Amino acid sequence: MSVSSRPGFHLNEFDRAVVGGMYANVGASLVGVGVQLFMVGSCISTFLQSSTAARKGRVQYILTSGVIWILYSLSTGLNLYSAYWLLFGESSFVAVGLEDISDAMGEDYTRQWFRVASVACLVIVLIIADGLLLYRCYILWKDMWYVVIIPCLCYLATIGLAIRVAILDGAFQRQAVSAGIFLSILVNVMIPALICFRILQARRTIVRLLPSKYLTVYTRVVAVLVEAAVPIAVFGLGYAIALVVSQENKSMTSGSVRKEIVNQFFATGYFMFVALSPQMIVYRVITGRSWVGATDVCSEVCLGEDIGMGMVFASSHDRSSHCGSDVGEEGGSGRS
(Lines of atoms letter the chains of each structure in order from A and count residues from 1; the text may use other names and numbers.)
(Lines give C-alpha, C1' and ligand atoms only; values in the text may rest on other atoms or scores of the structure.)
Protein backbone atom coordinates (compact mmCIF):
# COMPACT_ATOMS: atom_id res chain seq x y z
CA MET A 1 0.00 0.00 0.00
CA SER A 2 1.42 3.33 -1.01
CA VAL A 3 1.89 6.21 1.36
CA SER A 4 -0.87 8.31 -0.16
CA SER A 5 -3.38 5.42 -0.18
CA ARG A 6 -3.11 4.61 3.51
CA PRO A 7 -6.07 5.78 5.60
CA GLY A 8 -5.36 9.06 7.31
CA PHE A 9 -2.65 10.18 4.92
CA HIS A 10 -3.21 13.67 3.55
CA LEU A 11 -0.32 14.44 1.22
CA ASN A 12 -0.83 17.73 -0.50
CA GLU A 13 1.41 18.88 -3.33
CA PHE A 14 3.94 20.43 -0.97
CA ASP A 15 4.11 17.29 1.19
CA ARG A 16 4.63 15.14 -1.89
CA ALA A 17 7.62 17.32 -2.76
CA VAL A 18 8.98 16.84 0.76
CA VAL A 19 8.51 13.05 0.67
CA GLY A 20 9.95 12.84 -2.84
CA GLY A 21 12.98 14.81 -1.74
CA MET A 22 13.37 12.50 1.24
CA TYR A 23 13.41 9.41 -0.98
CA ALA A 24 15.74 11.08 -3.49
CA ASN A 25 18.11 12.04 -0.69
CA VAL A 26 18.22 8.49 0.64
CA GLY A 27 18.70 7.04 -2.86
CA ALA A 28 21.52 9.45 -3.71
CA SER A 29 23.12 8.79 -0.32
CA LEU A 30 23.12 5.05 -0.98
CA VAL A 31 24.82 5.71 -4.33
CA GLY A 32 27.34 7.89 -2.49
CA VAL A 33 28.02 5.08 -0.02
CA GLY A 34 28.70 2.70 -2.91
CA VAL A 35 30.98 5.13 -4.76
CA GLN A 36 32.95 5.84 -1.60
CA LEU A 37 33.23 2.11 -0.87
CA PHE A 38 34.76 1.64 -4.32
CA MET A 39 37.21 4.49 -3.70
CA VAL A 40 38.22 3.18 -0.27
CA GLY A 41 38.64 -0.35 -1.61
CA SER A 42 40.69 0.88 -4.57
CA CYS A 43 42.92 2.94 -2.27
CA ILE A 44 43.49 -0.02 0.05
CA SER A 45 44.26 -2.28 -2.92
CA THR A 46 46.76 0.23 -4.32
CA PHE A 47 48.30 0.65 -0.89
CA LEU A 48 48.78 -3.10 -0.39
CA GLN A 49 50.33 -3.49 -3.85
CA SER A 50 52.79 -0.66 -3.27
CA SER A 51 56.34 -1.11 -2.06
CA THR A 52 57.30 -0.34 1.52
CA ALA A 53 58.88 2.95 0.47
CA ALA A 54 55.82 3.95 -1.55
CA ARG A 55 53.53 3.28 1.42
CA LYS A 56 55.30 5.87 3.51
CA GLY A 57 52.87 8.61 4.54
CA ARG A 58 49.82 7.00 2.94
CA VAL A 59 48.38 5.43 6.08
CA GLN A 60 46.92 8.75 7.22
CA TYR A 61 45.02 9.13 3.97
CA ILE A 62 43.71 5.55 4.08
CA LEU A 63 42.48 5.95 7.66
CA THR A 64 40.87 9.31 6.90
CA SER A 65 39.08 7.86 3.88
CA GLY A 66 37.83 4.90 5.91
CA VAL A 67 36.56 7.07 8.77
CA ILE A 68 34.70 9.39 6.37
CA TRP A 69 33.05 6.41 4.66
CA ILE A 70 31.98 4.86 7.98
CA LEU A 71 30.48 8.11 9.26
CA TYR A 72 28.67 8.81 5.99
CA SER A 73 27.30 5.25 5.90
CA LEU A 74 26.02 5.61 9.47
CA SER A 75 24.35 8.90 8.58
CA THR A 76 22.69 7.30 5.54
CA GLY A 77 21.40 4.38 7.59
CA LEU A 78 19.98 6.71 10.21
CA ASN A 79 18.30 8.77 7.49
CA LEU A 80 16.64 5.60 6.22
CA TYR A 81 15.33 4.89 9.70
CA SER A 82 14.13 8.46 10.18
CA ALA A 83 12.16 8.27 6.91
CA TYR A 84 10.48 5.08 8.11
CA TRP A 85 9.82 6.60 11.54
CA LEU A 86 8.24 9.68 10.01
CA LEU A 87 6.04 7.88 7.46
CA PHE A 88 5.21 4.45 8.86
CA GLY A 89 6.36 4.21 12.49
CA GLU A 90 4.25 4.30 15.61
CA SER A 91 5.15 7.98 15.96
CA SER A 92 4.36 8.87 12.34
CA PHE A 93 2.27 11.92 11.61
CA VAL A 94 -0.77 9.69 10.98
CA ALA A 95 -0.36 7.83 14.25
CA VAL A 96 -0.20 11.03 16.28
CA GLY A 97 -3.16 12.58 14.46
CA LEU A 98 -1.40 15.27 12.41
CA GLU A 99 -2.95 16.28 9.11
CA ASP A 100 0.24 17.05 7.18
CA ILE A 101 3.70 15.56 7.17
CA SER A 102 5.22 19.01 7.43
CA ASP A 103 3.63 19.36 10.88
CA ALA A 104 5.51 16.26 12.03
CA MET A 105 8.91 17.64 11.02
CA GLY A 106 9.11 20.01 13.96
CA GLU A 107 11.13 20.24 17.14
CA ASP A 108 10.16 16.78 18.40
CA TYR A 109 11.38 15.24 15.15
CA THR A 110 14.67 17.13 15.01
CA ARG A 111 15.43 16.19 18.62
CA GLN A 112 15.05 12.46 18.03
CA TRP A 113 18.27 10.56 18.72
CA PHE A 114 18.58 9.24 15.16
CA ARG A 115 18.27 12.74 13.67
CA VAL A 116 20.84 14.17 16.06
CA ALA A 117 23.21 11.24 15.41
CA SER A 118 22.79 11.47 11.63
CA VAL A 119 23.57 15.18 11.51
CA ALA A 120 26.41 14.74 14.01
CA CYS A 121 28.06 12.21 11.67
CA LEU A 122 27.92 14.71 8.80
CA VAL A 123 29.28 17.47 11.04
CA ILE A 124 32.24 15.26 12.01
CA VAL A 125 32.87 14.48 8.33
CA LEU A 126 32.87 18.21 7.59
CA ILE A 127 35.27 18.88 10.48
CA ILE A 128 37.68 16.15 9.34
CA ALA A 129 37.63 17.06 5.65
CA ASP A 130 37.97 20.82 6.05
CA GLY A 131 40.38 20.43 8.96
CA LEU A 132 42.83 18.35 6.94
CA LEU A 133 42.56 20.76 4.03
CA LEU A 134 43.24 23.67 6.38
CA TYR A 135 46.24 21.87 7.87
CA ARG A 136 47.76 21.26 4.44
CA CYS A 137 47.20 24.90 3.57
CA TYR A 138 49.00 25.94 6.75
CA ILE A 139 51.96 23.68 5.96
CA LEU A 140 52.36 25.31 2.57
CA TRP A 141 52.00 28.83 3.95
CA LYS A 142 53.71 28.43 7.31
CA ASP A 143 56.33 30.99 6.31
CA MET A 144 53.40 33.42 5.91
CA TRP A 145 51.04 31.88 8.47
CA TYR A 146 48.83 34.94 8.72
CA VAL A 147 47.43 34.14 5.27
CA VAL A 148 45.55 31.22 6.83
CA ILE A 149 43.86 33.30 9.56
CA ILE A 150 40.69 34.11 7.60
CA PRO A 151 40.10 30.50 6.40
CA CYS A 152 40.74 29.32 9.96
CA LEU A 153 38.16 31.74 11.39
CA CYS A 154 35.61 30.66 8.77
CA TYR A 155 36.34 27.03 9.62
CA LEU A 156 35.79 27.60 13.35
CA ALA A 157 32.61 29.60 12.67
CA THR A 158 31.30 26.79 10.48
CA ILE A 159 31.87 24.26 13.26
CA GLY A 160 30.16 26.50 15.81
CA LEU A 161 27.08 27.06 13.65
CA ALA A 162 26.88 23.38 12.74
CA ILE A 163 26.95 22.29 16.38
CA ARG A 164 24.39 24.88 17.45
CA VAL A 165 21.89 24.39 14.64
CA ALA A 166 22.20 20.63 14.20
CA ILE A 167 22.61 19.48 17.79
CA LEU A 168 21.81 22.15 20.37
CA ASP A 169 18.85 23.90 18.70
CA GLY A 170 15.67 21.93 18.27
CA ALA A 171 14.04 23.88 15.48
CA PHE A 172 15.45 23.91 11.95
CA GLN A 173 16.62 27.47 11.42
CA ARG A 174 16.99 28.09 7.70
CA GLN A 175 18.86 31.38 8.01
CA ALA A 176 21.42 29.93 10.41
CA VAL A 177 21.91 26.83 8.28
CA SER A 178 22.31 29.00 5.19
CA ALA A 179 24.94 31.12 6.96
CA GLY A 180 26.84 27.99 7.99
CA ILE A 181 26.81 26.66 4.43
CA PHE A 182 28.05 29.97 3.04
CA LEU A 183 30.95 29.83 5.52
CA SER A 184 31.70 26.24 4.53
CA ILE A 185 31.74 27.29 0.86
CA LEU A 186 34.20 30.06 1.68
CA VAL A 187 36.47 27.52 3.37
CA ASN A 188 36.24 25.13 0.42
CA VAL A 189 37.01 27.92 -2.05
CA MET A 190 39.67 29.91 -0.18
CA ILE A 191 41.82 26.98 0.93
CA PRO A 192 42.12 25.25 -2.48
CA ALA A 193 42.73 28.67 -4.05
CA LEU A 194 45.59 29.36 -1.62
CA ILE A 195 47.06 25.90 -2.19
CA CYS A 196 46.76 26.21 -5.97
CA PHE A 197 48.40 29.64 -5.90
CA ARG A 198 51.32 28.23 -3.90
CA ILE A 199 51.70 25.29 -6.26
CA LEU A 200 51.65 27.46 -9.37
CA GLN A 201 54.08 29.83 -7.68
CA ALA A 202 56.47 26.92 -7.16
CA ARG A 203 55.97 25.88 -10.77
CA ARG A 204 57.05 29.30 -12.00
CA THR A 205 60.06 29.18 -9.68
CA ILE A 206 61.48 25.95 -11.07
CA VAL A 207 60.30 26.27 -14.66
CA ARG A 208 63.91 26.65 -15.80
CA LEU A 209 65.25 23.80 -13.68
CA LEU A 210 63.14 20.83 -14.76
CA PRO A 211 62.03 19.45 -18.13
CA SER A 212 58.54 20.50 -19.13
CA LYS A 213 57.11 17.00 -18.68
CA TYR A 214 57.84 17.16 -14.94
CA LEU A 215 56.10 20.53 -14.64
CA THR A 216 52.86 18.84 -15.67
CA VAL A 217 52.58 17.36 -12.18
CA TYR A 218 51.79 20.79 -10.75
CA THR A 219 48.91 21.27 -13.18
CA ARG A 220 47.56 17.84 -12.29
CA VAL A 221 47.56 18.62 -8.56
CA VAL A 222 45.67 21.86 -9.22
CA ALA A 223 43.16 19.92 -11.33
CA VAL A 224 42.56 17.45 -8.50
CA LEU A 225 41.81 20.29 -6.08
CA VAL A 226 39.49 22.06 -8.52
CA GLU A 227 37.62 18.86 -9.36
CA ALA A 228 36.93 18.24 -5.68
CA ALA A 229 36.05 21.83 -4.78
CA VAL A 230 33.70 22.72 -7.64
CA PRO A 231 30.84 20.26 -6.88
CA ILE A 232 30.57 21.12 -3.20
CA ALA A 233 30.78 24.84 -3.99
CA VAL A 234 28.05 24.67 -6.65
CA PHE A 235 25.64 22.51 -4.66
CA GLY A 236 26.42 24.34 -1.43
CA LEU A 237 25.76 27.74 -2.98
CA GLY A 238 22.51 26.51 -4.50
CA TYR A 239 21.40 24.98 -1.21
CA ALA A 240 22.23 28.08 0.81
CA ILE A 241 20.30 30.32 -1.59
CA ALA A 242 17.37 27.89 -1.73
CA LEU A 243 17.12 27.91 2.06
CA VAL A 244 16.83 31.68 2.07
CA VAL A 245 14.26 32.05 -0.71
CA SER A 246 12.14 28.93 -0.07
CA GLN A 247 9.04 29.13 2.06
CA GLU A 248 9.07 27.70 5.58
CA ASN A 249 5.34 27.04 5.47
CA LYS A 250 3.57 24.35 3.50
CA SER A 251 1.99 26.73 1.04
CA MET A 252 0.07 25.13 -1.79
CA THR A 253 1.27 27.60 -4.40
CA SER A 254 3.17 26.16 -7.34
CA GLY A 255 6.04 28.55 -6.64
CA SER A 256 6.50 27.18 -3.13
CA VAL A 257 6.50 23.61 -4.42
CA ARG A 258 9.11 24.42 -7.07
CA LYS A 259 11.28 26.14 -4.47
CA GLU A 260 11.02 23.09 -2.21
CA ILE A 261 12.04 20.79 -5.07
CA VAL A 262 15.06 23.00 -5.83
CA ASN A 263 15.90 23.05 -2.14
CA GLN A 264 15.77 19.25 -1.91
CA PHE A 265 17.87 18.86 -5.06
CA PHE A 266 20.72 21.07 -3.89
CA ALA A 267 20.54 19.71 -0.33
CA THR A 268 20.96 16.16 -1.65
CA GLY A 269 23.96 17.13 -3.77
CA TYR A 270 25.59 19.22 -1.06
CA PHE A 271 25.47 16.63 1.70
CA MET A 272 26.66 13.91 -0.68
CA PHE A 273 29.70 15.92 -1.79
CA VAL A 274 30.53 16.94 1.78
CA ALA A 275 31.84 13.38 2.09
CA LEU A 276 32.58 12.63 -1.57
CA SER A 277 34.84 15.63 -2.29
CA PRO A 278 37.53 14.69 0.28
CA GLN A 279 37.26 11.09 -0.89
CA MET A 280 37.97 12.26 -4.45
CA ILE A 281 41.16 13.95 -3.27
CA VAL A 282 42.33 10.91 -1.30
CA TYR A 283 41.48 8.57 -4.17
CA ARG A 284 43.47 10.60 -6.69
CA VAL A 285 46.33 11.08 -4.27
CA ILE A 286 46.67 7.34 -3.72
CA THR A 287 46.02 6.20 -7.30
CA GLY A 288 47.51 9.25 -9.08
CA ARG A 289 44.50 9.78 -11.32
CA SER A 290 42.63 12.86 -12.45
CA TRP A 291 39.77 13.42 -14.86
CA VAL A 292 41.82 15.93 -16.86
CA GLY A 293 43.68 13.30 -18.82
CA ALA A 294 45.76 10.16 -18.90
CA THR A 295 48.17 9.24 -16.15
CA ASP A 296 51.32 9.00 -18.24
CA VAL A 297 53.05 11.60 -16.12
CA CYS A 298 51.21 11.36 -12.82
CA SER A 299 50.89 7.60 -12.83
CA GLU A 300 51.63 7.32 -9.15
CA VAL A 301 51.30 9.58 -6.16
CA CYS A 302 54.03 9.41 -3.56
CA LEU A 303 53.56 10.75 -0.10
CA GLY A 304 56.55 11.83 1.90
CA GLU A 305 57.00 11.66 5.63
CA ASP A 306 55.52 15.13 6.03
CA ILE A 307 51.86 14.80 5.11
CA GLY A 308 51.67 18.48 4.35
CA MET A 309 54.61 18.73 1.93
CA GLY A 310 55.17 15.25 0.57
CA MET A 311 52.32 14.76 -1.85
CA VAL A 312 53.97 14.56 -5.24
CA PHE A 313 52.69 13.29 -8.57
CA ALA A 314 55.67 11.42 -10.00
CA SER A 315 56.23 9.47 -13.19
CA SER A 316 56.36 5.73 -12.72
CA HIS A 317 59.77 5.30 -14.33
CA ASP A 318 61.42 7.87 -12.07
CA ARG A 319 59.37 7.79 -8.86
CA SER A 320 62.25 6.64 -6.69
CA SER A 321 64.14 9.87 -7.28
CA HIS A 322 61.23 12.30 -7.26
CA CYS A 323 58.85 11.09 -4.54
CA GLY A 324 58.86 13.40 -1.57
CA SER A 325 61.49 15.70 -3.09
CA ASP A 326 60.31 17.63 -6.17
CA VAL A 327 57.74 19.67 -4.31
CA GLY A 328 58.44 18.91 -0.68
CA GLU A 329 61.90 20.47 -0.85
CA GLU A 330 60.80 23.58 -2.70
CA GLY A 331 60.76 25.69 0.42
CA GLY A 332 57.31 24.61 1.53
CA SER A 333 55.86 25.09 -1.93
CA GLY A 334 54.60 21.53 -2.34
CA ARG A 335 51.10 20.21 -2.16
CA SER A 336 49.68 18.17 0.61
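Residue numbering for the sequence shown follows full-length UniProt numbering, beginning at 1 and increasing consecutively. Where is the CB? At the ideal position from N, CA and C, for every residue including glycine. These figures come from a predicted structure and were not determined experimentally.
Query - Pairwise C-alpha distance: Gln201 and Ala242 - result: Roughly 37 Å separates the two Cα atoms.
Requested in this report: With a threshold of 7 Å, establish whether the CB of Leu200 neighbours any heavy atom of the ligand FAD.
Outcome: The ligand content of the structure shown is nil, which means the ligand FAD is not present either.
Query raised in the report: Beta carbon of Leu183, beta carbon of Ile124: below 8 Å?
Result: No. Outside cutoff.
**Report entry** Member of Ile232, Ala193, Arg220 and Gly238 whose CA lies at the smallest distance from the CA of Ser178
**Finding:** Measuring from the Cα of Ser178, the nearest candidate turns out to be Gly238.
Query raised in the report: Should Val187 go down as buried or exposed, given a rule of 16 or more other Cβ atoms within 10 Å for buried?
Result: Val187 should be labelled buried.
**Report entry** Distance between Cys43 and Thr287 (C-alpha atoms, nearest Å)
**Finding:** So the two alpha carbons sit approximately 7 Å from each other.
**Report entry** Where the alpha helix (DSSP H) containing Arg55 begins and where it ends
**Finding:** From DSSP, the alpha helix (DSSP H) with Arg55 extends over Thr52 to Arg55.
Requested in this report: Identify which residue in Leu87, Leu161 and Ile150 has its Cα closest to the Cα of Met190.
Outcome: Put simply, of Leu87, Leu161 and Ile150 the residue whose alpha carbon is nearest the alpha carbon of Met190 is Ile150.
Query raised in the report: Taking buried to mean at least 16 other C-beta atoms within 10 Å of its own C-beta, is Gln175 buried or exposed?
Result: The residue in question, Gln175, is exposed, as its Cβ has fewer than 16 Cβ neighbours within 10 Å.
Query raised in the report: Does the Cβ-Cβ distance between Ala17 and Val257 come in under 8 Å?
Result: Their beta carbons are under 8 Å apart, which means Ala17 touches Val257 by this criterion.
Query raised in the report: Alpha carbon to alpha carbon, how far is Pro231 from Cys196?
Result: Counting only the Cα atoms, Cys196 lies some 17 Å from Pro231.
**Report entry** Whole-angstrom distance between Asp15 and Val263, CA atom to CA atom
**Finding:** Before going on, a small fix: residue 263 reads as Asn here, not Val. Within the model, the alpha-carbon separation for Asn263 versus Asp15 is close to 14 Å.
Requested in this report: Find out if the Cβ-Cβ distance for the pair Ser65, Val282 is shorter than 8 Å.
Outcome: Taking 8 Å as the Cβ cut-off, Ser65 and Val282 qualify as a contacting pair.
Requested in this report: Under 7 Å Cβ to Cβ from Val35, same chain only, skipping five residues before and after it: list those, please.
Outcome: Within the same chain, Val35 has close Cβ partners Leu276.
Query raised in the report: Starting from Cys136 and walking both ways along the alpha helix (DSSP H), at which residues does that stretch end?
Result: As written in the sequence, residue 136 is Arg, which differs from the Cys given in the question. Here the alpha helix (DSSP H) through Arg136 covers Trp113 to Leu140.
Query raised in the report: For Arg58, does the three-state DSSP call read helix, strand or coil?
Result: In this structure, Arg58 counts as coil in the three-state DSSP scheme.
Report task. May I ask you to report which of helix, strand or coil DSSP gives Val226? Result -> In the structure shown, the three-state DSSP call for Val226 is helix.
Query raised in the report: Per DSSP, what kind of secondary structure is Phe88 in: helix, strand or coil?
Result: In the structure shown, Phe88 adopts coil according to DSSP, grouped into three states.
Query raised in the report: For residue 345, which residues of its own chain have a beta-carbon under 6 Å away from its beta-carbon, when the five flanking residues on both sides are left out?
Result: Since the first residue shown for the chain is 1 and the last is 336, residue 345 is missing from the structure and cannot be characterised.
Query raised in the report: Cβ atoms of Ala28 and residue 352: under 8 Å apart, would you say?
Result: The question about residue 352 has no answer, for the chain in this structure spans 1 to 336.
Query raised in the report: Exposed or buried, Thr52, counting other C-beta atoms within 10 Å across all chains shown (16 or more means buried)?
Result: Counting C-beta atoms within 10 angstroms of its own C-beta, Thr52 has fewer than 16 neighbours from the protein chains shown and is therefore classed as exposed.
Query raised in the report: Taking Cβ positions, are Leu122 and Val274 nearer each other than 8 Å?
Result: In this structure, Val274 lies closer than 8 Å to Leu122 by Cβ.
Query raised in the report: If you count every other CB in all the chains shown that lies within 10 Å of the CB of Leu134, and 16 or more means buried, which is it?
Result: With a 10 Å radius around the Cβ and a threshold of 16 neighbouring Cβ atoms, Leu134 comes out buried.
Query raised in the report: Under the rule that 16 or more other beta-carbon atoms within 10 Å means buried, what is Phe88, buried or exposed?
Result: Result: exposed.
Requested in this report: For Cys111, count neighbouring Cβ atoms within 10 angstroms of its own Cβ and tell me buried if that reaches 16, exposed if not.
Outcome: The sequence shown places Arg at residue 111, rather than the Cys named in the question. Around the beta carbon of Arg111, a 10 Å sphere encloses fewer than 16 other beta carbons of the protein chains shown; the residue is thus reported as exposed.
Query raised in the report: Going along the chain, which residues of its own chain have a beta-carbon closer than 6 Å to the beta-carbon of Thr76, five neighbours each way excluded?
Result: Taking Thr76 as the centre and dropping the five residues before and after it, the same chain places the C-beta of Ser29 and Val33 closer than 6 Å to its C-beta, in chain order.
Query - Beta-carbon spacing of residue 344, Val67 below 8 Å - result: Outside the displayed range of the chain (1 to 336) lies residue 344, so it cannot be described from this structure.
Query - Proximity below 8 Å, CB of Gly180 to CB of Phe235 - result: When the beta-carbon positions are compared, Gly180 and Phe235 stay at least 8 Å from each other.
Query raised in the report: Does the beta-carbon of Phe38 have 16 or more other beta-carbons within 10 angstroms, so that it is buried, or is it exposed?
Result: Phe38 counts as exposed, since fewer than 16 other C-beta atoms from the protein chains shown sit within 10 angstroms of its C-beta.
Query - Contact set for Leu194: own chain, Cβ-Cβ below 6 Å, skip 5 residues either direction - result: Correct list, in chain order: Cys137.
Query raised in the report: Do you know how far the Cα of Ala233 is from the Cα of Val245?
Result: Approximately 18 Å, taken between the alpha carbons.
Report task. Check whether the Cβ atoms of Arg203 and Tyr218 sit closer than 8 Å, and answer yes or no. Result -> With contacts defined as CB atoms closer than 8 Å, Arg203 and Tyr218 qualify as a contacting pair.
Query raised in the report: Under a CB-based cut-off of 8 Å, is Leu194 close to chain D?
Result: Of the protein chains in the structure, only one exists, and it is not chain D.
Query raised in the report: Got a sec, what are the start and stop residues for the alpha helix (DSSP H) Leu156 sits in?
Result: Ile149 to Ile163 is the span of the alpha helix (DSSP H), which, as asked, contains Leu156.
Query raised in the report: So, Asp130 versus Tyr155, is the Cβ gap smaller than 8 Å?
Result: Yes, Cβ-Cβ distance for Asp130 and Tyr155 is below 8 Å.
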